[in-house]
Amino acid sequence: MSGVIERYRSFFDINAQFPIVTLNEGNTPLIQAPAIASKTNVPGLQVFLKFEGLNPTGSFKDRGMTYAVSQAKAQGATHIICASTGNTSASAAAYGARAQLKTLIILPEGKVALGKLSQAILYGADIVEITGNFDQALDVVRILGKAQGVAIVNSINPFRIEGQKTGAFEVCDQLGGKAPDYHFIPVGNAGNITAYWLGYKAYHAAGRIQSLPKMFGYEAEGSAAIVKGHKIENPETLATAIRIGNPASWQGAEAARDESGGKIDCVTDDEIVAAYQFLASKEGIFCEPASAASVAGLFKACSQNLVAQNSVVTCVLTGNGLKDPDNAIRFGKSEKITLPPDPQQIATHLGLTL
Ligand code: AN7
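My numbering puts the sequence shown at residues 19 to 372.
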């Protein structure tokens with residue numbers, strides 16, 4: 019299976035000669051989540067998880083990066099640059115390597131999960147950590163992007179949003195040519211909620227679906243600029259992927275909310291962690307903390323009676339749990355002890371009778 023541009027070619031404004039840089043991204047599973055549905059206590063609810071952690075670099079960013087990097091290459095760029103809370107940089111570094119472009123990455127010091135950093139390092143990007151946060155890194159990138167031969171591949175690049183629309187196309191295809199009734203998604207820089215909404219609208223306009231979902235986006239409470247209606251100077255959350263205080267696609271997120279009759283709300287770190295643990299221990303799905311904000315948001319919205327009975331819900335799980343082993347170990351509830359290789363002793367410890 020080829021990547022998202024080839025699969026949804028008619029939705030991209032490209033000709034037959036357009037050179038595509040791809041790692042066969044997309045085509046991620048839509049996994050039904052009965053334990054989550056049951057925990058909501060909403061009768062007849064069907065919940066599906068779009069597990070974007072199974073993309074080539076482990077996050078949804080690959081859908082937009084294939085198109086942004088293809089366009090950069092086609093337009094003769096020599097360098098790509100991005101600010102990142104981690105996943106964008108991992109994806110940029112991979113597609114940059116694939117396209118043989120120099121990849122420049124500006125990161126908030128000490129706030130990028132280990133897996134993401136390790137990816138950028140091995141893919142071979144040039145990495146600068148700033149003594150500041152993501153929003154400041156993006157401000158720097160907006161200026162460095164003016165340098166000769168440099169293409170910005172943050173989601174302020176419209177090609178990123180174009181590529182990420184394919185997530186919505188896949189959800190509808192996987193539901194058998196239908197849109198969900200509600201779409202739950204984490205919100206950081208707000209590019210993805212913008213892209214999904216544009217994707218649903220494009221599919222609707224093309225006659226592929228007959229209805230549109232209500233868009234429910236969730237920021238982390240300590241970084242909830244859209245919910246609070248102002249920039250957050252010092253955003254905080256353990257979900258470092260969405261530790262963003264001035265979302266670049268703020269207006270796109272509000273348009274998605276208002277046009278769809280949805281909601282932008284926030285969830286606390288405790289709610290995020292509870293959903294993160296529930297996903298792993300009750301559904302067998304390992305996502306990163308920021309991704310669990312969509313499920314935390316679903317639980318919150320259901321408790322507020324905002325979700326109708328018998329509806330179909332999708333939650334996007336934006337990134338793979340392996341991205342952030344530190345939080346997995348911190349919040350995992352397994353017991354681990356060291357013993358000699360003695361079956362009897364181990365059996366006794368595990369409560370088994372030999
Ligand atoms: C796992 O990598 O902004 O609202 O620089 O990595 O489209 O920003 C990551 C964002 C959700 C939020 N879940 O998506 C970056 C970056 C995960 C993420 C988001 C991100 P947007």
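Think of the CB as a built atom: it goes at the ideal place given N, C-alpha and C, for glycine as much as any other residue.
For the alpha helix (DSSP H) containing His-367, list its first residue and its last residue.
361–368
Among the residues of its own chain, which have a CB less than 6 Å from the CB of Leu-67, if the five just before and after it don't count?
Ile-49, Ala-51, Cys-333 and Leu-335
Assuming Lys-4 and Phe-317 form a contact by the criterion Cβ under 8 Å, report the distance between their Cβ atoms to the nearest whole angstrom.
Outside the shown range of the chain, which is 19 to 372, sits residue 4, and nothing can be said about it.
Buried or exposed: which applies to Thr-356, given that a residue is buried once 16 or more other Cβ atoms fall within 10 Å of its Cβ?
exposed
Please name the residue, chosen from Lys-249, Asn-73, Ile-23 and Ser-20, that lies closest to Leu-340 on a Cα-to-Cα basis.
Asn-73
Which runs of the beta strand (DSSP E) at least 3 residues long sit entirely within the stretch 239–313? Give them in chain order.
281–285
Taking just the CA atoms, how far does Gly-209 sit from Tyr-230?
First, the amino acid is wrong: residue 230 is Leu here, not Tyr. Distance between the alpha carbons of Leu-230 and Gly-209: 19 Å.
Less than 7 Å between C-beta atoms, sequence neighbours within five positions excluded: which residues of the same chain meet that for Ser-329?
Leu-63, Asp-199 and Tyr-200
Nearest to Ser-109 by alpha carbon, out of Lys-232, Ala-143 and Leu-370?
Selected option, being the one with the closest Cα: Ala-143.
In terms of residue numbering, what span does the beta strand (DSSP E) encompassing Thr-332 cover?
330–335
Reducing DSSP to helix, strand and coil, say where Thr-40 ends up.
coil
Going by DSSP, what residue range makes up the beta strand (DSSP E) through Gly-125?
The sequence given here places Leu at residue 125; Gly does not occur at that position. Leu-125 -> beta strand (DSSP E) spans 120–126.
Anyone know if the C-beta pair for Ala-266 and Ala-311 falls short of 8 Å?
no
Could you give the first and the last residue of the continuous alpha helix (DSSP H) run that contains Gln-64?
Per DSSP, Gln-64 belongs to no alpha helix (DSSP H); it is in the beta strand (DSSP E), 64–69.
Using the C-alpha atoms, what's the distance from Asp-31 back to Ala-92?
13 Å
Ordered along the chain, which non-local residues of its own chain (more than five positions away) have a Cβ less than 6 Å from that of Asn-151?
Pro-126
Any chance the CB of Asn-45 is under 7 Å from a heavy atom of the ligand AN7?
no
Could you check what DSSP says for Ala-51 in three-state terms: helix, strand or coil?
Three-state DSSP puts Ala-51 in coil, outside helix and strand.
Out of Thr-371, Val-245, Glu-180 and His-248, state which residue places its alpha-carbon closest to the alpha-carbon of Trp-215.
Glu-180
Taking just the CA atoms, how far does Ile-227 sit from Pro-176?
24 Å
Okay, do the stretch 157–169 and the stretch 181–191 touch, 3+ Cβ pairs below 8 Å being the bar?
Judged by Cβ distances under 8 Å, the stretch 157–169 makes no contact with the stretch 181–191, as fewer than three pairs qualify.
For Val-39, which residues from the same chain have a beta carbon less than 7 Å from its beta carbon, with the 5 sequence-adjacent residues on both sides left out?
Thr-84, Val-87, Ser-88, Lys-91, Tyr-113, Arg-116 and Ala-117
Following a CB-centred definition, is Ala-86 positioned closer than 7 Å to any heavy atom of the ligand AN7?
no
Is there at least one non-hydrogen atom of the ligand AN7 closer than 7 Å to the beta-carbon of Ile-98?
no
Determine the burial state of Arg-27: buried for a count of at least 16 other Cβ atoms within 10 Å of its Cβ, exposed for fewer.
exposed
Helix, strand or coil for Val-168 per DSSP?
strand
Since Glu-147 sits in a beta bridge, which residues does DSSP pair it with?
Leu-125
I need the straight-line Cα distance from Ala-308 to Leu-372, nearest angstrom please.
43 Å
How close, in whole Å, do the beta carbons of Lys-351 and Gln-295 come, if the pair is a contact with beta carbons under 8 Å?
7 Å
Would you say the beta carbon of Lys-79 comes nearer than 7 Å to a heavy atom of the ligand AN7?
It does: the Cβ of Lys-79 is within 7 Å (strictly closer) of some heavy atom of the ligand AN7.
From Gln-363, Phe-187, Ala-274 and Ser-77, pick the residue whose C-alpha is nearest to that of Ala-224; which is it?
Phe-187
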